[in-house]
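Trainee: In the numbering used here, the protein residues as written are 424 to 765. Here it is, the structure, as structure tokens.
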């Protein structure tokens, strides 16, 4: 146990130092290549123009435009690099590295394309079409299937323990778990909507996952979690209000997926869902809003995702962020408790 903790803190410290050195250079080059946010008044899906106007108002975009929106590159690059630099590679750790590399790249290309078309309304409209969204979803699920198959092939997945129920894992479950992993990514992406919100929440979630594994005596992934937390600490320094950069897909995608995979691979799926429940509630709020608007032409929330709803009723951005952090802390403690008793 002591050796595992020492290695975890060593890895955390190395990742922290590398991130401190990496961040200023990254910010400089993001400005140089004009990879910055540019929110403009546009028509949203279904011709609901007032939603975008309200979004521009509550987000104070005049103060946020021009801020680099690819800051998640740091998580995407530094986490796999530090793992390769400091850790012995097991089959499970290799799967997590590939998860970071592939979905970090997917998120990078997504933000890069968005920045390239930010001044072209026609291309932005094409990007929002159902067929394009379906194609992107299909590609992402295929990548998830490959990653989930790698996890299954590593021999880590034998039985899924869901409290009182134990499910024998088979190859048939790979597509189901891959789709679930994709929804974990969507939940993470939607959470990345306010300064410091997503990265702070995942700092808490990964700390909870590390606590679960430490209590259970499952030490293999503790250094990986330490590395992730080390990078998150530096990321949060630059991402808290007022943000020096926004994270976007390069970090939101892999952070969401890897947390899910750690919960899955270590038989902590229920504790993971509890600890990360705020991200799933945020995802559900968007899905409910979309379904309600499409079929009933009525809003359930003033604005979705949920954090924007609280902004529209008068909560300052920092208040929403800190309250969501607090909720995550509470449910993380519950998740840790469940990891002990289940």
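By construction, the Cβ of each residue, glycine as well, lies at the ideal position given by its N, Cα and C atoms. If you're wondering where the values come from, they're calculated on a predicted model, not measured in any experiment.
Do you know how far the Cα of residue 671 is from the Cα of residue 458?
Mentor: Each residue's Cα considered, the two are about 11 Å apart.
Trainee: For the stretch 631 to 641 and the stretch 595 to 610, state whether three or more C-beta atom pairs, one from each stretch, are separated by less than 8 Å.
Mentor: No: the two stretches stay apart, fewer than three of their Cβ pairs being nearer than 8 Å.
Trainee: Leaving out the 5 sequence neighbours to the left and right, which residues in its chain are closer than 6 Å to residue 692 when beta-carbon positions are compared?
Mentor: Excluding residues within five positions, the ones whose Cβ falls inside 6 Å are 686.
Trainee: Contact between the stretch 712 to 723 and the stretch 618 to 629: three or more CB pairs below 8 Å?
Mentor: Result no; under three Cβ-Cβ pairs closer than 8 Å.
Trainee: Starting from residue 700 and walking both ways along the alpha helix (DSSP H), at which residues does that stretch end?
Mentor: Residue 700 -> alpha helix (DSSP H) spans 700 to 719.
Trainee: Report the rounded CA-to-CA distance for residue 469 versus residue 682, giving the unit in angstroms.
Mentor: Here residue 469 scores only 39 on pLDDT, less than 50, and its place in the model is too uncertain to base an answer on.
Trainee: Count the other CB atoms, across all protein chains shown, that sit within 10 Å of the CB of residue 576; report buried if there are 16 or more and exposed otherwise.
Mentor: Exposed is the call here.
Trainee: Residue ranges of each beta strand (DSSP E) run of no fewer than 3 residues wholly in the stretch 559 to 620, ordered along the chain?
Mentor: Within the stretch 559 to 620, the complete beta strand (DSSP E) runs of at least 3 residues are 582 to 585 and 588 to 591.
Trainee: Does residue 491 come out as helix, strand or coil in the three-state DSSP assignment?
Mentor: In the structure shown, residue 491 sits in a strand (DSSP, three-state: E or B).
Trainee: Using CA coordinates, which residue listed in 748, 534, 644 and 556 is at the minimum distance from residue 675?
Mentor: When each option's Cα is compared against that of residue 675, the closest is 534.
Trainee: If you drop the 5 nearest sequence neighbours on each side, which residues of the same chain put their C-beta closer than 8 Å to that of residue 759?
Mentor: Taken in chain order, the residues that qualify are 631, 634, 635, 638, 694 and 698.
Trainee: Please name the residue, chosen from 524, 454, 548 and 595, that lies closest to residue 568 on a Cα-to-Cα basis.
Mentor: Out of 524, 454, 548 and 595, 595 has the C-alpha closest to the C-alpha of residue 568.
Trainee: Going by beta carbon distance, what residues of the same chain come within less than 6 Å of residue 523, once the five residues before and after it are set aside?
Mentor: Excluding sequence neighbours, residue 523 sits near 502, 503 and 677.
Trainee: Rounded to whole angstroms, what is the Cα-Cα separation between residue 620 and residue 745?
Mentor: Computed Cα separation, rounded: 8 Å.
Trainee: Which residue's Cα is closest to the Cα of residue 539: 461, 701 and 665?
Mentor: Of the listed residues, the one whose Cα sits closest to residue 539 is 461.
Trainee: Starting from residue 503 and walking both ways along the alpha helix (DSSP H), at which residues does that stretch end?
Mentor: From DSSP, the alpha helix (DSSP H) with residue 503 extends over 496 to 509.
Trainee: For residue 697, which of helix, strand or coil comes out of DSSP?
Mentor: Of the three classes helix, strand and coil, the one that applies to residue 697 here is helix, per DSSP.
Trainee: Measure the CB-CB distance between residue 570 and residue 582 and report whether it falls below 8 Å.
Mentor: In this structure, residue 582 does not lie closer than 8 Å to residue 570 by Cβ.
Trainee: Between residue 506 and residue 496, how many whole angstroms is the CB-CB distance? I'm expecting something under 8 Å.
Mentor: That belief does not hold up - the Cβ atoms of residue 506 and residue 496 are roughly 16 Å apart, past 8 Å.
Trainee: To the nearest angstrom, how far is the alpha carbon of residue 737 from that of residue 644?
Mentor: Whole-angstrom Cα-Cα distance: 41 Å.
Trainee: In angstroms with no decimal places, state the Cα-to-Cα distance between residue 549 and residue 646.
Mentor: The alpha-carbon atoms of residue 549 and residue 646 are separated by roughly 43 Å.
Trainee: Which term fits residue 472, buried or exposed, when burial requires 16 or more other beta carbons within 10 angstroms of its beta carbon?
Mentor: Bear in mind that the predicted position of residue 472 carries a pLDDT of just 45, short of 50, making it unreliable; the figure below should be weighed with that in mind. Per the 10 Å Cβ criterion, exposed.
Trainee: Between the Cα of residue 493 and the Cα atoms of 518, 513 and 451, which residue gives the shortest distance?
Mentor: Taking only the C-alpha atoms, the option nearest residue 493 is 451.
Trainee: Could you tell me the distance, in whole angstroms, from the CA atom of residue 750 to the CA atom of residue 564?
Mentor: For residue 750 and residue 564, the distance between alpha carbons rounds to 30 Å.
Trainee: Could you tell me whether the Cβ atoms of residue 679 and residue 593 are closer together than 8 Å?
Mentor: No. Outside cutoff.
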